[in-house]
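*Asks:*
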Amino acid sequence: MKATARAHTNIALIKYWGKRDEELILPTNNSLSLTLDGFYTTTTVEFRNDLTNDIFYLDNQCISGIPYQRVTQFLDLIRQLAGKHIFAEVRSTNHVPTAAGFASSASGFAALAAAGSKAIGLSLNDKALSRLTRRGSGSACRSIYGGFAEWQKGEKKDGSDSFAVPIKPQDYWDIRVAAVVLHADEKKVSSRVGMKRTVDTSPFFKGWVDSIPQDLEQIKAGISERDFEKVGSVAEANCLKMHATTLGANPPFTYWYDTTFTVMQHVQKLRDKKIPAYFTIDAGPNVKVLYLPENEADIKRELESIPGVRDVILSKAGQGITYL
Ligand code: 2P0
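Sequential numbering of the sequence shown, starting at 446, is according to the numbering used here.
1. Using the rule of at least 16 other Cβ atoms within 10 Å of the residue's Cβ for burial, across every protein chain shown, is Ile511 buried or exposed?
2. Can you pull the DSSP bridge partners for Ser476?
3. Per DSSP, what are the beta-bridge partners of Gly611 in this structure?
4. Quick check on DSSP: helix, strand or coil for Arg755?
5. Could you give the DSSP three-state label for Val708: helix, strand or coil?
6. Could you check the C-alpha separation between Gly677 and Glu468 for me, to the nearest Å?
7. Could you give the residue range of the beta strand (DSSP E) that holds Arg576?
8. Cys586 bridges to which residues according to DSSP?
9. Once the 5 residues before and after Lys460 are set aside, which same chain residues still bring their CB inside 7 Å of it?
10. On the criterion of 16 or more Cβ atoms from any shown chain inside 10 Å, does Lys719 qualify as buried, or is it exposed?
11. Is Ile470 close to the ligand 2P0? I mean its beta-carbon at under 7 Å from any heavy atom of the ligand.
12. What's the call for Asp499, buried or exposed, on a 16-neighbour Cβ count within 10 Å?
13. Does DSSP put Lys675 in a helix, in a strand, or in coil?
14. Can you find a heavy atom of the ligand 2P0 that lies under 7 Å from the Cβ of Gly583?
15. Return the CA-CA distance between Pro696 and Arg637, expressed in angstroms with no decimal places.
16. Please find out if some non-hydrogen atom of the ligand 2P0 comes closer than 7 Å to the beta-carbon of Lys613.
17. If the criterion is Cβ atoms closer than 8 Å, does the pair Phe484 and Phe547 meet it?
18. Report yes if the CB atom of Ala762 is closer than 8 Å to the CB atom of Leu479, and no otherwise.
19. Name the two residues that bound the continuous alpha helix (DSSP H) containing Ser562.
20. In whole angstroms, give me the CA-to-CA distance for Arg515 and Ser550.
21. The ligand 2P0 and Ser476: does the residue's C-beta get closer than 7 Å to at least one heavy atom of that ligand?
Here is the structure:
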């Protein structure tokens, strides 16, 4: 009753921002992401009869508190699905540079879902695995697949039709992402809290939700045509719209720092020099820059020259779940 799985994190090009059901983690809009090869979590789950509670080690440290509770609550879902009452030892290793500004929750819950469900004897197809993973953290349900994936929000109240589907595999198109590291501080408003505040209070939230179908249609067309400018410009505009909703919330908030703005301006500067580059930003100050392999040296040089930039970490498209 032991299994090991690896999952990579993903960067949303059309963002998930807002829940219609917090308990089941059901989103208000579809989202679309690219899985990244540089950042992953490897997790081993072993269900053992001799355990009287779950144990969770992250990077060889025994974890308690809220992160432990999120893991045990997720294991409860796996136990429920399998109809077995047995505790587990979970050992995870994060290969997501802690300062890179990537949430390790996406790769973390995807690896936990895959290893946990296999260890307990469930054989879930990708759709069922994605649906289960969603309950750990929404964005994690997209990390089941390599390359481009879309999380379909679904319509049903029970969440049975809310899961991610593959759009294009890892080797379809060599798009790259530079993670521009500015700050590694704990964020003041978590994405969970920020999303809820936005849904509850921001008058801009409706505009955000209403604009998603068109963004999705355009970005999917861009992906099909391998049109980098189309994909990049839709992703950048979608990110700006998501962040605009937070300014309309009560109390208002933003994830951006002054340096976030500076990086955005440098990305524009790259485009002025005819080097295609587009940014996207998650619920934090760090910026991710989309670019093509032939421009890697120029992109890296420009980004590293910006005052306040601590690191620039380059990544390619990554693969979906693998079992080790
Ligand atoms: C995304 N983010 O699509 C968006 C863009 C942040 C900004 O998914 O509450 O950690 O666990 O479902 O997945 C971050 O939210 O939230 C996120 P929960 P999650 O990647």
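Cβ atoms here follow ideal geometry from the backbone N, Cα and C, with glycine treated the same way. Being a predicted model, the structure only gives us computed values, none of them experimental.
*Replies:* Reading off the structure:
1. Flag for Ile511 reads exposed.
2. In DSSP, Ser476 forms a bridge with Trp596.
3. Reading the sequence as shown, one finds Pro at residue 611 and not Gly. Answer is Ala594, bridged to Pro611.
4. The answer is coil: DSSP assigns Arg755 none of H, G, I, E or B.
5. In the structure shown, Val708 sits in a helix (DSSP, three-state: H, G or I).
6. If you take the alpha carbons of Gly677 and Glu468, they lie about 33 Å apart.
7. If you look at Arg576, you'll find it isn't in any beta strand (DSSP E); it sits in the alpha helix (DSSP H) that goes 571-579.
8. DSSP lists no partner for Cys586.
9. The answer, listed in chain order, is Ser476, Asn683, Cys684, Met687.
10. Exposed.
11. Correct: Ile470 has its Cβ closer than 7 Å to the ligand 2P0.
12. Asp499 is buried by the Cβ-count criterion.
13. If DSSP states are grouped into helix, strand and coil, Lys675 belongs with the helices.
14. Yes, the Cβ of Gly583 comes within 7 Å of a heavy atom of the ligand 2P0.
15. Take the alpha-carbon of Pro696 and the one of Arg637: they are about 15 Å apart.
16. Answer for Lys613: no, Cβ out of range of the ligand 2P0.
17. Yes; because the gap between Cβ atoms is below 8 Å, this pair is in contact.
18. In this structure, Leu479 lies closer than 8 Å to Ala762 by Cβ.
19. Residues 550-564.
20. Their backbone Cα atoms lie some 10 Å apart in a straight line.
21. Answer for Ser476: yes, Cβ within range of the ligand 2P0.
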